[in-house]
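A.B. asks:
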Ligand SMILES: Cc1ncc(C[n+]2csc(CCOP(=O)(O)OP(=O)(O)O)c2C)c(N)n1
Ligand SMILES: [Mg+2]
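Chains as they are written, first to last, in the working numbering: chain C, 1 to 332; chain D, 1001 to 1342.
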């Protein structure tokens, strides 16, 4: 047992996972823009280039489509690339290789190849970076069979899920909320994995299930703690993986609490909340519902620059508290 | 023309391009605007440091001659697309610093009504179709604007500014090719400041001069010293003439340098302090131009002082205007997502 619980930031946890993966397997290497001497736009790769050299920590030109494609090609032919998009928004430039190639190559070739590529996407709003550097596009990729899409919400999971992603034979897309990078938490030393495709109950409760993703897990936990004083007992499910989604954990939780609130940062409509709501509505948990399902998501707008508008665009703790209270008290 | 002026004109015969092409008053205006760009950047930086502005910003200090030189031969209704490092382009194309500051402060009086911030600064009325958060994002848009100009016979010329980093995006290559096959009135201006964020062009780009890319698309490719106003303006002048004559696009590579880090989070670990100091001490675009103006007798010390004072006041007034302006109402959050119908 650790005498002192070791804490790392979310960014450090990812960096440690990449170092462990490179130590364990010669085939693992990193590619991306400014991940070398600059250390990555969010300092996630940090000084890894000093330890592993420029052959394994490769700065690409500003060429997302080509870079993503090179990673796919290397993965198909025996390497284990971890490709960093500098911002998740630039997935839009790499989409061809992600969606048409990485996701489908194994299928189209009748199982003759695997595509063990890992792609990392710093995502989300809250940094004042405006409409082209703040998006949450995970549901776009979640819509594509052949991809696995994960959103770790804690430093512990960021490390364990990245190591699971590297070991996975299929393409894994990791969305990392930029505001989580500085968050600290317990991170065990050495190699461990956190399974892809398994949700985690972060807090048990009887009155309401909140299914949340990424940074919204932390906000939901804050809201749950605040409502404890009002005698409202909330269960918080951290979805962790959006494809393949863990239906059973959600269904079991809703059967227990009879109420469901989905909270996520991406634009509300046609997103993760729709999927979670629908899978509950289609399941035996539907009969257990005591209230309509509620979704809290981003406003139907690009992310604005003005800080107050930016905050108003995505769910805040106070919004979650209000929605949860209304649901439990039967206002809805 | 009076005798004195004639003497000036005669004595100008051997001077570099801009001194023959433009009036002393126009050239003093250029110096004014170069100072305006620099002081604007410094003012924005200071507001940022003091926590008055949030987000991030990319400063163009050191690149003023490039922005001014390229815009010099442009008419008011000619158009530009700009980049994340776009404050200088915006001012060079005619924007007011007060409304730019207001944008950075997220106010409704800003050019983008507080929605865009530094990275999306624009001034559509003055022909600036916008900075861009996506590297190379503006290049095909400029080609589209040039297509409009040709189809609608407006006579407009379009300039697309971009950095050296952008020359490795597919959008750059696709756009240059289309501009060439359709002979569009567009000028591609690569402001090569040596680095795309931390990556030097030597590490990112297969050709030595980005202007060499022009050969692949059968257009002229020109390299200029981007810190010498006259050189930049001359290349731009020729490219504008060519575009207006219907002869098609030009690629200008303007070699320059950014003094500040890429953005606020830059530790400058990819270049040396000596390199930065060398550029600042020996190739500063404002110093070079100011010295020429003085040496050629176009301005004296008092004239320079007057410009500096006027610029300082413009910047101070601009910041005050921005502070005093109203912030957008939360209720307007979803405005401008779609076109409002009457
Ligand atoms: C498609 C895309 N990729 C990456 C980025 C992140 N980024 C912003 S500016 C920049 C460097 C651009 O370099 P350059 O084009 O040379 O312009 P400079 O910053 O030097 O003016 C990078 C990598 C981006 N905004 N868009
Ligand atoms: Mg550059």
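Ideal Cβ placement from N, Cα and C applies to all residues, glycine included.
1) With DSSP collapsed to three states, give me the class of residue 1195 of chain D.
2) Closest to residue 1177 of chain D by CA distance: which of D:1217, D:1289, D:1089 and D:1183 is it?
3) Looking at residue 169 of chain C and residue 342 of chain C, is the spacing between their C-beta atoms short of 7 Å?
4) Thinking C-beta only, is residue 199 of chain C closer than 7 Å to residue 321 of chain C?
5) Any heavy atom of ligand 2 within a distance shorter than 6 Å of the CB on residue 207 of chain C?
6) Just the residues with CB closer than 6 Å to a heavy atom of ligand 2, in chain order, which are they?
7) List the whole-angstrom C-beta distance separating residue 88 of chain C from residue 298 of chain C, where the pair is believed to meet the contact cut-off of C-beta under 8 Å.
8) Which residues in chain D have a C-beta closer than 8 Å to the C-beta of residue 289 of chain C? List them in chain order.
9) For the beta strand (DSSP E) that residue 29 of chain C lies in, which residues bound it at each end?
10) Under 7 Å between C-beta atoms, does residue 34 of chain C make it to chain D?
11) List the endpoints of the continuous alpha helix (DSSP H) containing residue 1033 of chain D.
12) Please tell me whether residue 1249 of chain D has its Cβ less than 7 Å away from any Cβ of chain C.
13) Would residue 191 of chain C and residue 124 of chain C qualify as a contact pair, given that the criterion is a beta-carbon distance under 7 Å?
14) Roughly how far, in whole angstroms, is the beta-carbon of residue 254 of chain C from the beta-carbon of residue 203 of chain C, given that I think they are within contact range, below 8 Å?
15) Mind checking whether the beta-carbon of residue 1084 of chain D lies closer than 6 Å to any heavy atom of ligand 1?
16) Tell me which residues share the same chain as residue 78 of chain C and place their Cβ nearer than 8 Å to its Cβ, disregarding the 5 neighbours each side in the sequence.
17) Listing by chain order, which chain D residues have their CB less than 7 Å from the CB of residue 49 of chain C?
18) Tell me whether the region 126-141 of chain C and the region 1052-1062 of chain D touch, counting them as touching only if at least three CB pairs, one residue from each stretch, are closer than 8 Å.
19) Write down the C-beta distance between residue 81 of chain C and residue 1168 of chain D rounded to the nearest angstrom, noting that I regard them as a contact closer than 8 Å.
20) Does the distance from the C-beta atom of residue 334 of chain C to that of residue 187 of chain C stay below 7 Å?
21) What does residue 1123 of chain D pair with, by DSSP beta-bridge criteria?
22) Under the three-state reduction of DSSP, which class applies to residue 148 of chain C: helix, strand or coil?
23) Quick test of your reading: residue 148 of chain C and residue 173 of chain C, contact by CB under 8 Å. State the CB separation rounded to the nearest angstrom.
24) Within the present structure, is the beta-carbon of residue 76 of chain C separated from the nearest heavy atom of ligand 1 by less than 6 Å?
25) Determine the direct distance from the alpha carbon of residue 1133 of chain D to that of residue 1338 of chain D, and round the result to whole angstroms.
26) Alpha carbon to alpha carbon, how far is residue 240 of chain C from residue 93 of chain C?
27) Quick check on the DSSP output: the beta strand (DSSP E) that includes residue 1090 of chain D runs from which residue to which?
28) Is residue 90 of chain C near ligand 1, with its Cβ less than 6 Å from a heavy atom?
29) Would you grab the beta carbon distance between residue 1066 of chain D and residue 1226 of chain D for me? Rounded to a whole angstrom, and I think it's under 8 Å.
30) Applying a beta-carbon distance threshold of less than 7 Å, which residues of chain C neighbour residue 1169 of chain D?
31) Excluding sequence positions up to five away, which residues of its chain have a Cβ less than 8 Å from the Cβ of residue 1092 of chain D?
32) Please classify residue 265 of chain C as buried or exposed, where buried requires at least 16 other C-beta atoms within 10 Å of its C-beta.
33) Could you spell out where the beta strand (DSSP E) holding residue 262 of chain C opens and where it closes?
34) Using the three-state DSSP reduction, which class does residue 286 of chain C fall into: helix, strand or coil?
35) Indicate the three-state DSSP secondary structure (helix, strand or coil) for residue 307 of chain C in the structure shown.
C.D. replies: Taking the geometry as given:
1) Along the second chain, one-based indexing puts residue 1195 of chain D at 195. Strand.
2) Numbered from its first residue, the second chain carries residue 1177 of chain D at position 177. Looking at the Cα atoms, D:1217 is the closest of the given residues.
3) Nothing about residue 342 of chain C can be reported from this structure: the residues present for chain C run from 1 to 332 only.
4) Walking along the first chain from the start, residue 321 of chain C turns up at place 321. Walking along the first chain from the start, residue 199 of chain C turns up at place 199. The answer is no: Cβ separation not under 7 Å.
5) Position 207 of the first chain holds residue 207 of chain C. Incorrect: residue 207 of chain C has no Cβ contact closer than 6 Å to ligand 2.
6) D:1163, D:1164, D:1165, D:1193, D:1195 and D:1196
7) Locating residue 88 of chain C in the first chain gives position 88, counting from the first residue. Locating residue 298 of chain C in the first chain gives position 298, counting from the first residue. About 14 Å separates the two Cβ atoms, so there is no contact after all.
8) Numbered from its first residue, the first chain carries residue 289 of chain C at position 289. Per Cβ cutoff of 8 Å: no residues; residue 289 of chain C is ~30 Å from chain D at best.
9) For this step, residue 29 of chain C is matched to residue 29 along the first chain. Looking at the DSSP string, the run of the beta strand (DSSP E) that includes residue 29 of chain C is 28-32.
10) Position 34 of the first chain, counted from the first residue, corresponds to residue 34 of chain C. It does; some Cβ of chain D falls within 7 Å.
11) Here residue 1033 of chain D refers to the residue found at position 33 of the second chain. That run of the alpha helix (DSSP H) goes 1024-1049.
12) By one-based count along the second chain, residue 1249 of chain D stands at place 249. So, not an interface residue.
13) Translated into positions along the first chain, residue 191 of chain C becomes position 191. Translated into positions along the first chain, residue 124 of chain C becomes position 124. Not in contact: residue 191 of chain C and residue 124 of chain C (Cβ atoms no closer than 7 Å).
14) On the first chain, position 254 is the one that residue 254 of chain C refers to. On the first chain, position 203 is the one that residue 203 of chain C refers to. Contact doesn't hold; Cβ gap of about 15 Å is too wide.
15) Start at 1 with the first residue of the second chain, and residue 1084 of chain D comes out as number 84. Yes - ligand 1 has a heavy atom lying nearer than 6 Å to the Cβ of residue 1084 of chain D.
16) As a first step, residue 78 of chain C must be located in the first chain, where it is residue number 78. These residues qualify, in order along the chain: 27.
17) Indexing the first chain from 1 puts residue 49 of chain C at position 49. Ordered by position in chain D, no residue passes the 7 Å Cβ test against residue 49 of chain C, which lies about 10 Å from the chain.
18) yes
19) Along the first chain, read from residue 1 onward, the residue named residue 81 of chain C stands at position 81. Along the second chain, read from residue 1 onward, the residue named residue 1168 of chain D stands at position 168. At roughly 19 Å, the Cβ-Cβ gap does not stay under 8 Å, so residue 81 of chain C and residue 1168 of chain D are not in contact.
20) Here chain C has residues from 1 to 332 only, and residue 334 of chain C is not among them.
21) Sequence index remark: in the second chain, residue 1123 of chain D carries index 123 (1-based). In the DSSP output, where bridge partners are listed per residue, residue 1123 of chain D has D:1128.
22) Numbered from 1 along the first chain, position 148 holds the residue referred to as residue 148 of chain C. If DSSP states are grouped into helix, strand and coil, residue 148 of chain C belongs with the strands.
23) As a first step, residue 148 of chain C must be located in the first chain, where it is residue number 148. As a first step, residue 173 of chain C must be located in the first chain, where it is residue number 173. Between residue 173 of chain C and residue 148 of chain C the Cβ distance is about 7 Å, and since that is below 8 Å, they are a contact.
24) Locating residue 76 of chain C in the first chain gives position 76, where the first residue counts as 1. No, since every heavy atom of ligand 1 falls outside the 6 Å radius drawn around the Cβ of residue 76 of chain C.
25) Taking the second chain and counting its residues from 1, one reaches residue 1338 of chain D at position 338. Taking the second chain and counting its residues from 1, one reaches residue 1133 of chain D at position 133. One C-alpha to the other measures close to 20 Å.
26) By 1-based counting over the first chain, the position of residue 240 of chain C is 240. By 1-based counting over the first chain, the position of residue 93 of chain C is 93. If I take the Cα positions, the gap works out to 25 Å.
27) Locating residue 1090 of chain D in the second chain gives position 90, where the first residue counts as 1. Counting along the chain, residue 1090 of chain D falls outside any beta strand (DSSP E), though it belongs to the alpha helix (DSSP H) covering 1087-1092.
28) In the first chain, residue 90 of chain C corresponds to position 90, counting from 1. Flag set: Cβ of residue 90 of chain C near ligand 1.
29) The residue given as residue 1066 of chain D occupies position 66 in the second chain. The residue given as residue 1226 of chain D occupies position 226 in the second chain. Right, the Cβ-Cβ distance comes to about 4 Å (below 8 Å), so this counts as a contact.
30) Position 169 of the second chain holds residue 1169 of chain D. Within chain C, the residues near residue 1169 of chain D are 62 and 63.
31) Counting from 1 along the second chain, the entry for residue 1092 of chain D is found at position 92. If we look at residue 1092 of chain D and ignore the five residues flanking it on each side, its Cβ neighbours are 1033, 1037, 1067, 1068, 1070 and 1071.
32) Against the first chain, residue 265 of chain C aligns to sequence position 265. Residue 265 of chain C should be labelled buried.
33) In the first chain, counting from the first residue as 1, residue 262 of chain C sits at position 262. 260-267 is the extent of the beta strand (DSSP E) around residue 262 of chain C.
34) Mapped onto the first chain, residue 286 of chain C falls at position 286. Note: residue 286 of chain C maps to helix in three-state DSSP.
35) For the purposes of this step, residue 307 of chain C is taken as the residue at position 307 of the first chain. Three-state DSSP puts residue 307 of chain C in a helix.
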